[in-house]
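I have placed the structure first, in the form of structure tokens, so that the comments after it can refer back to it.
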Amino acid sequence: MPKKGTANGNADARHQQIAKPYKGNATKLSSNIKCDVPVMDLLTPATIELANYVVKRLKEEDPGVFVQIIDQNALHQALALNHSPVPQGANADASAEAFRAWLINGARNVRPNSQVPQNSRFSLAFHQLTQGEAIDIVFGQWHNQRWNVQLQDNRLGGNPIGQFAIVFWMAGTGLRRATFTTHQNIFGLM
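Below, the structure written as structure tokens:
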């Protein structure tokens, strides 16, 4: 039986198991990546694996863009809003898949070969980008002002939609070295 208040209890249980951040992540992230503890605590094992892959391919000032879906039930609710960039799926799994496809297509609109092949279901990475291309993907393709306003307005209501995805930014600081940070308000929350 689904958990009370969730769109799909089984999907929620699977997702929480996959996307739950772990405090022990510091030992798994490459020593070539500088990452503050508050950001580190947000990373899932799948995102860390992608970060370790991408850092090996970066040069100084090369960017990498990462998206981590952290709550597919909140995402399912967010996609029900009028200005959502993607129609809501039949359930939380379908909504997560539609959102993931939308993210990938947005990145491909800017740079067709930017997607990392090792992407997982809940963690995506894009690299081989210029700074301008990375900014265009995040703020030109993914940032939807009308949807963000709806998400922010919803937070003031009685049953607010929680945070559903985080965008991380990797910046090359030298050959195979980088910093890893988050971006604020890409999907209206943070």
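First residue of the sequence shown? That's 0 in numbering that gives the first Met the number 0, and the numbers climb one at a time after it. For each residue, glycine too, the CB sits at the ideal point set by N, CA and C.
Integer-rounded CB distance, given that Val54 should sit under 8 Å from Thr180: What you label residue 180 is simply residue 181 of the sequence shown in a count that begins at 1. What you label residue 54 is simply residue 55 of the sequence shown in a count that begins at 1. With 8 Å as the limit, Thr180 and Val54 do not qualify as a contact, their Cβ atoms being about 14 Å apart.
Whole-number beta carbon distance between His126 and Val137, since they are thought to touch under 8 Å: One-based indexing of the sequence shown puts residue 137 at position 138. One-based indexing of the sequence shown puts residue 126 at position 127. Rounded, the Cβ-Cβ distance is 13 Å, inconsistent with contact.
C-alpha distance - Gln140 paired with Lys27, whole-angstrom precision: Position 141 of the sequence shown, counted from the start, is the residue given in the question as residue 140. Position 28 of the sequence shown, counted from the start, is the residue given in the question as residue 27. The C-alpha of Gln140 lies about 31 Å from the C-alpha of Lys27.
Contacts around Ile160, its chain only, beta-carbon distance under 7 Å, and the 5 residues preceding and following it disregarded: Here residue 160 refers to the residue found at position 161 when the sequence shown is read from its first residue. Result list for Ile160: Ala73, Gln76, Ala77, Leu150, Asn153, in chain order.
Those runs of the beta strand (DSSP E) which lie wholly inside the segment 99 to 180 and span at least 3 residues: Taking only runs of at least 3 residues, the beta strand (DSSP E) segments lying wholly in the segment 99 to 180 are 122 to 125, 164 to 173.
For Pro37, the three-state DSSP class (helix, strand or coil): Your numbering for residue 37 matches position 38 in the sequence shown. Helix.
Residues near Ser83 by beta carbon distance below 7 Å, same chain, minus five either side: As a working note, residue 83 is residue 84 in the sequence shown. Short of 7 Å from the beta carbon of Ser83, and not among the five residues preceding or following it, lie these beta carbons of its own chain, in chain order: Ala77, Trp146.
Closest by C-alpha distance to Arg56, when choosing among Gly171, Gln183, Glu132, Gln117: Here residue 56 corresponds to residue number 57 of the sequence shown, with the count starting at 1. Of Gly171, Gln183, Glu132, Gln117, the smallest CA-CA separation from Arg56 is found for Gly171.
Val66: first and last residue of the uninterrupted beta strand (DSSP E) it sits in: By 1-based counting over the sequence shown, the position of residue 66 is 67. Per DSSP, the unbroken beta strand (DSSP E) holding Val66 starts and ends at 62 to 68.
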